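Chemist:
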Amino acid sequence: MPCKILIRIKDKVRADHPAYNELFQKGDVICVIPPGWDPGRLELASDEVIWVDCPDMDQAEAEAHFMASESENGILLRRRVAGFDEALLPPGFRSRAAARRPIPTRQGQQERTYAEVNADFEAEGPAPNLPRNTLLDAHVAKTPLPPDPFVAGDDPFVAG
Numbered sequence: 000m001p002c003k004i005l006i007r008i009k010d011k012v013r014a015d016h017p018a019y020n021e022l023f024q025k026g027d028v029i030c031v032i033p034p035g036w037d038p039g040r041l042e043l044a045s046d047e048v049i050w051v052d053c054p055d056m057d058q059a060e061a062e063a064h065f066m067a068s069e070s071e072n073g074i075l076l077r078r079r080v081a082g083f084d085e086a087l088l089p090p091g092f093r094s095r096a097a098a099r100r101p102i103p104t105r106q107g108q109q110e111r112t113y114a115e116v117n118a119d120f121e122a123e124g125p126a127p128n129l130p131r132n133t134l135l136d137a138h139v140a141k142t143p144l145p146p147d148p149f150v151a152g153d154d155p156f157v158a159g
């Protein structure tokens, strides 16, 4: 059965932020959903994530390949230990991700109306189909973190 995969296309914080490794990073799979569940239009039109359809991979296999996290002694060190190398994904995926614009938020960012967001989504068309082999070829493991990612003095939130 096919599944949908939600991939982050922008980093949430700068690479030098203390929580960078704990958060989802560009190329990480955020979630995998089974057939029959569809995201809302604003989720589909987000400029931070992109949904892809994987017609020849089921939810369990996708989660086994793409959803592992890294922890030590019960402390989450990294949300995902593997992600996708954008350069290895099809050019159509990269251009679609690059064309995304911010959606309006409750904090007053009204660069576009919801009608404009919806019109952009309609013009973009359905989610891209990425076959299993394409996803597995673009799948890359991240360098493991050291056992203690913060040595005294490296964490700006802790005196040391």
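Numbered by numbering that gives the first Met the number 0, the letters in the sequence shown go through residues 0 to 159 in order.
Ideal Cβ placement from N, Cα and C applies to all residues, glycine included.
Computed from a predicted structure; not experimentally measured.
Less than 7 angstroms between C-beta atoms, sequence neighbours within five positions excluded: which residues of the same chain meet that for S70?
Modeler: Sequence index remark: in the sequence shown, residue 70 carries index 71 (1-based). L76, listed in sequence order.
Chemist: Closest to N128 by CA distance: which of P143, V51, A96 is it?
Modeler: Working through the sequence shown from its first residue, we reach residue 128 at position 129. Of P143, V51, A96, the residue nearest in Cα terms is V51.
Chemist: Assuming V31 and A67 are in contact, meaning their beta carbons sit under 8 angstroms apart, how far apart are those beta carbons, in whole angstroms?
Modeler: Translated into positions along the sequence shown, residue 31 becomes position 32. Translated into positions along the sequence shown, residue 67 becomes position 68. Wrong, their Cβ atoms sit about 12 angstroms apart, outside the cutoff.
Chemist: Counting only the same chain and skipping the five closest in sequence on each side, list residues whose C-beta sits under 6 angstroms from that of K141.
Modeler: The residue labelled residue 141 in the question sits at position 142 within the sequence shown. If we look at K141 and ignore the five residues flanking it on each side, its Cβ neighbours are V80.
Chemist: Whole angstroms is fine: what's the gap from A151's alpha carbon to A14's?
Modeler: Within the sequence shown, the letter at position 152 stands for residue 151. Within the sequence shown, the letter at position 15 stands for residue 14. The pLDDT assigned to A151 is 43, lower than 50, so where the model puts this residue is not dependable, and the model offers no usable value.
Chemist: Provide the residue(s) that pair with V51 in DSSP beta bridges, ordered along the chain.
Modeler: Counting from 1 along the sequence shown, the entry for residue 51 is found at position 52. Beta-bridge pairing links V51 to I4.
Chemist: Please classify H16: does DSSP put it in a helix, a strand, or coil?
Modeler: The count along the sequence shown starts at 1 and reaches residue 16 at position 17. Three-state result, H16: coil.
Chemist: Helix, strand or coil, according to DSSP, for S94 in the structure here?
Modeler: Taking the sequence shown and counting its residues from 1, one reaches residue 94 at position 95. Three-state DSSP puts S94 in a helix.
Chemist: Kindly indicate which residue of E123, D136, L144, M0 has the alpha-carbon position closest to the one of M56.
Modeler: Sequence index remark: in the sequence shown, residue 56 carries index 57 (1-based). Checked all of E123, D136, L144, M0; the closest Cα to M56 is M0.
Chemist: My guess is that G82 and G35 are in contact by the Cβ rule of under 8 angstroms, so how many angstroms apart are they, rounded?
Modeler: Here the question's residue 82 lines up with position 83 in the sequence shown. Here the question's residue 35 lines up with position 36 in the sequence shown. Their Cβ separation, rounded to whole angstroms, is 26 angstroms, which puts G82 and G35 out of contact at 8 angstroms.
Chemist: Do A96 and I49 come within 8 angstroms of each other at the CB atom, strictly closer than that value?
Modeler: Here the question's residue 49 lines up with position 50 in the sequence shown. Here the question's residue 96 lines up with position 97 in the sequence shown. A contact, by the Cβ cut-off of 8 angstroms.
Chemist: Under 6 angstroms Cβ to Cβ from F65, same chain only, skipping five residues before and after it: list those, please.
Modeler: Here the question's residue 65 lines up with position 66 in the sequence shown. Once the five neighbours on either side are set aside, the close Cβ partners of F65 are V28.
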